[in-house]
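Q:
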Amino acid sequence: MLRASNTFGGFSVNDVPAAMKFYGDTLGLKVSEDHGIMTIDLSNGGSVIAYPKAKHEPATFTILNFPVPDVDAAVDALTKRGVKFERYDTDDIKTDAKGVMRGNGPTIAWFKGPAGNILSVIDENGTM
Numbered sequence: 003m004l005r006a007s008n009t010f011g012g013f014s015v016n017d018v019p020a021a022m023k024f025y026g027d028t029l030g031l032k033v034s035e036d037h038g039i040m041t042i043d044l045s046n047g048g049s050v051i052a053y054p055k056a057k058h059e060p061a062t063f064t065i066l067n068f069p070v071p072d073v074d075a076a077v078d079a080l081t082k083r084g085v086k087f088e089r090y091d092t093d094d095i096k097t098d099a100k101g102v103m104r105g106n107g108p109t110i111a112w113f114k115g116p117a118g119n120i121l122s123v124i125d126e127n128g129t130m
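Below, the structure is given as structure tokens:
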């Protein structure tokens with residue numbers, strides 16, 4: 003029934019202008035704004051919206067994963083743009099000094115947007 007629907011995802015932010023600057027300028031994504039809602043156009047033809055929420059609470063899970071051919075190169079490039087990568091040292095998730103998890107599933111590195119939502123760059127091949 004919904005197979006032909008132009009599905010899109012969404013998440014909340016506490017500051018749409020700050021989100022537009024981060025997603026557009028820092029991450030280099032195509033963003034637009036209409037009626038206070040930001041749209042992020044994804045390379046696969048889909049889109050995601052970010053809507054303002056006064057009592058926004060950051061997601062405690064990864065809201066967007068960006069598959070890349072080289073996680074280390076992506077981490078280095080984003081770090082130069084001011085992105086800070088998360089460091090984890092738990093039973094399930096251990097990252098190295100760069101913030102990259104290796105050998106426990108796909109190579110992946112997590113970072114947060116200005117509203118505290120979790121994003122990642124992940125090996126597009128899903129290799130360990």
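Note that our numbering gives residue 96 to position 94 of the sequence shown, counting from 1, and the numbers run on in steps of one. Beta carbons: idealized from backbone N, C-alpha and C, even for Gly.
Quickly, what does DSSP pair residue 96 with across the bridge? List them, please.
A: Bridge partners of residue 96: 91.
Q: Mapping the DSSP letters down to three states, classify residue 123 as helix, strand or coil.
A: Note: residue 123 maps to strand in three-state DSSP.
Q: Is the region 8-16 in contact with the region 73-92, if contact means three or more CB pairs nearer than 8 Å?
A: Not touching, per the Cβ criterion.
Q: Bridge partners of residue 132, per DSSP?
A: The structure shown has nothing for residue 132, since the chain only spans 3 to 130.
Q: Which one of 84, 33, 117 and 5 has the shortest CA to CA distance from residue 57?
A: Of the candidates 84, 33, 117 and 5, the one whose C-alpha sits nearest the C-alpha of residue 57 is 117.
Q: Report yes or no: do three or more beta-carbon pairs, one from the region 109-126 and one from the region 19-26, lie closer than 8 Å?
A: Output reads yes: the region 19-26 touches the region 109-126.
Q: In three-state DSSP terms, what is residue 24?
A: Helix.
Q: Under the rule that 16 or more other beta-carbon atoms within 10 Å means buried, what is residue 4, buried or exposed?
A: When all chains shown are included, residue 4 counts as exposed.
Q: In the structure shown, what three-state DSSP assignment does residue 61 receive?
A: In this structure, residue 61 counts as coil in the three-state DSSP scheme.
Q: In whole angstroms, what is the alpha-carbon distance linking residue 6 and residue 46?
A: Taking the straight line joining both Cα atoms gives about 16 Å.
Q: How would you write the range of the beta strand (DSSP E) that residue 76 sits in, first residue to last?
A: It is not in any beta strand (DSSP E) - residue 76 instead sits in the alpha helix (DSSP H) that spans 73-82.
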